[in-house]
Every structure is written in C-alpha cells, then in structure tokens.
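A short worksheet on the structure shown next.
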Amino acid sequence: MGTGVHASDETDGFKSKAKYCLKCAGRLEDRIIEDKARRACTACDFVFYQDPKPVAGVLAVRDGNLLLVQRGNEPKRGRWSFPTGYIDVGDSPEETAIREAKEEANVDVQLNSLLGVYSDKRRTVVLVIYTGTIGAGNPAAGAEALDARLFDLQDLPILAFDHDYDILTDLFSKTQEHNRTEMVTR
Ligand SMILES: [Zn+2]
Numbered sequence: 003m004g005t006g007v008h009a010s011d012e013t014d015g016f017k018s019k020a021k022y023c024l025k026c027a028g029r030l031e032d033r034i035i036e037d038k039a040r041r042a043c044t045a046c047d048f049v050f051y052q053d054p055k056p057v058a059g060v061l062a063v064r065d066g067n068l069l070l071v072q073r074g075n076e077p078k079r080g081r082w083s084f085p086t087g088y089i090d091v092g093d094s095p096e097e098t099a100i101r102e103a104k105e106e107a108n109v110d111v112q113l114n115s116l117l118g119v120y121s122d123k124r125r126t127v128v129l130v131i132y133t134g135t136i137g138a139g140n141p142a143a144g145a146e147a148l149d150a151r152l153f154d155l156q157d158l159p160i161l162a163f164d165h166d167y168d169i170l171t172d173l174f175s176k177t178q179e180h181n182r183t184e185m186v187t188r
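Numbers in our numbering are just positions in the sequence shown, counted from 1, shifted up by 2.
Pasting the structure below:
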C-alpha cells in the first residue's frame, strides 16, 4: 500500500455522515456527547467516535541530501514530499516508515531517531516522523510516485504541504544541534 496519505484529509468538519450503526445496523442520529457533535445509534446507543489516522514517515538523508518523492496522487499531485503512509493495524510506526520509503522510492532506510509528532486541528492525520539514513542504491519512483530523488538540503523544491516545512525546520535545528555537539566534544 502506498500513501495518498496527506490526501483527502482536509475536511471541513470531522463529523461522520454515517447513517447506520456498525454494531446493530440501527439508525444513527446526531448527539452532543462530551461537548462534541457525534453520531450515535438510536437503537443500541453505540457512539461512532471519529479517530485521527496515524501516519508514519521518514526524513532520510545521505551525504547532506534529502530523499523526496514526487506525488502521483491528488491532492498536490506533482509536488514533492517525504515518503509517508498510513499505519496499518498490527504494524509499528517504525515498520511503516521503512516500508513506505521502500514502496515509494525503492530505497532501504535505517531509522535514526524520532524527529517529532505532528498534527493540526484542521486535519485528521497525526504524523509520526523519523530521521533516517539511506542504504546503497539510488531512489527510483515506486507505487503512487511520479519520481523519487535526493535533493541537496540547501536546494529543495517547493514542498507539498504546510506541515512539511514545520517538519523540515525541526530537521534543520536538530542537525545544527548535532553539529554543535560534535564541535564541542572534539
Ligand atoms: Zn446500534
């Protein structure tokens, strides 16, 4: 499975339009539960809670170059972003990040550390982003990607999503911290 992840999650409201109960097929109605509008079952009182979707990805670097994938799907088709994908039940965020780099860019990635967890109120995804390094071989476009390439960190293309820049800023501050520490310990 590829991504499409950043995809289709920019919704106006998160309340489900579901009509029937998942448990008993009874009719759902709007109710205010815990201060939020939710769909609940008129027959069995089952509440259809809307959960965020967890997504994992990696900022994979080799020799000062960052791995980016050109999106093959809407939204933002043709724009560049990091490899990311939905976390399937039973898979860890780490496994997902490694799998997506392989699927979208055909590279083997080793994760280094957790960069951060990103979310915002307008979107239904929660991103778990790692830093990583790329093994041997050159990236090549995989599933749902138009292209996959390494870009000089100083010369990146326009990225697909606003939060991509937040994530990138964290990478840069982490890299600088790392360099400072190296200089001090030398
Ligand atoms: Zn029900």
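By construction, the Cβ of each residue, glycine as well, lies at the ideal position given by its N, Cα and C atoms.
Practice task
With residue 100 as the anchor, note down where its alpha helix (DSSP H) starts and where it stops.
Solution key: 95-107
Practice task
Spatial neighbours of residue 101 within its chain, please: CB distance less than 8 Å, with the 5 preceding and 5 following residues excluded, ordered by chain position.
Solution key: 87 and 93
Problem - Close-in-space but distant-in-sequence residues of the same chain around residue 143 (CB under 6 Å, 5 per side omitted) - result: 149 and 150
Handout entry: Any heavy atom of ligand 1 within less than 6 Å of residue CB: hits in chain order
Key = Taking each Cβ in turn, the ones that pass are 23, 25, 26, 28, 43, 45, 46 and 48.
Problem - Residues near residue 24 in its chain [Cβ-Cβ closer than 8 Å; skip 5 each side] - result: Within its own chain, the residues whose Cβ lies closer than 8 Å to the Cβ of residue 24, once the five positions on either side in sequence are excluded, are 48 and 50, listed in chain order.
Practice task
Mark residue 61 as exposed unless 16 or more other C-beta atoms lie within 10 angstroms of its C-beta, in which case mark it buried.
Solution key: buried
Practice task
Would you mind working out which of 137, 133, 162 and 58 sits nearest residue 175, comparing C-alpha positions?
Solution key: 133
Handout entry: Residue nearest to residue 18 in terms of C-alpha spacing, selected from 27, 26, 39 and 28
Key = 39
Practice task
Look at the Cβ atom of residue 56, then the Cβ atom of residue 89, and state whether they are nearer than 8 Å.
Solution key: yes
Exercise for the section: Label residue 43 either buried or exposed according to how many other C-beta atoms from any shown protein chain fall within 10 Å of its C-beta, with 16 as the threshold for buried. Expected result: Burial call: buried.
Practice task
Name the two residues that bound the continuous beta strand (DSSP E) containing residue 153.
Solution key: 147-154
Exercise for the section: Starting from the C-beta of residue 137, find all residues in its chain whose C-beta is less than 8 Å away, skip the five residues before and the five after it, and write them out in chain order. Expected result: 109, 110, 111 and 112
Exercise for the section: Kindly indicate which three-state DSSP category residue 36 falls into: helix, strand or coil? Expected result: Residue 36: coil per DSSP, three-state reduction.
Handout entry: Three-state secondary structure (DSSP) of residue 24
Key = coil
Exercise for the section: Report the rounded CA-to-CA distance for residue 65 versus residue 146, giving the unit in angstroms. Expected result: 26 Å
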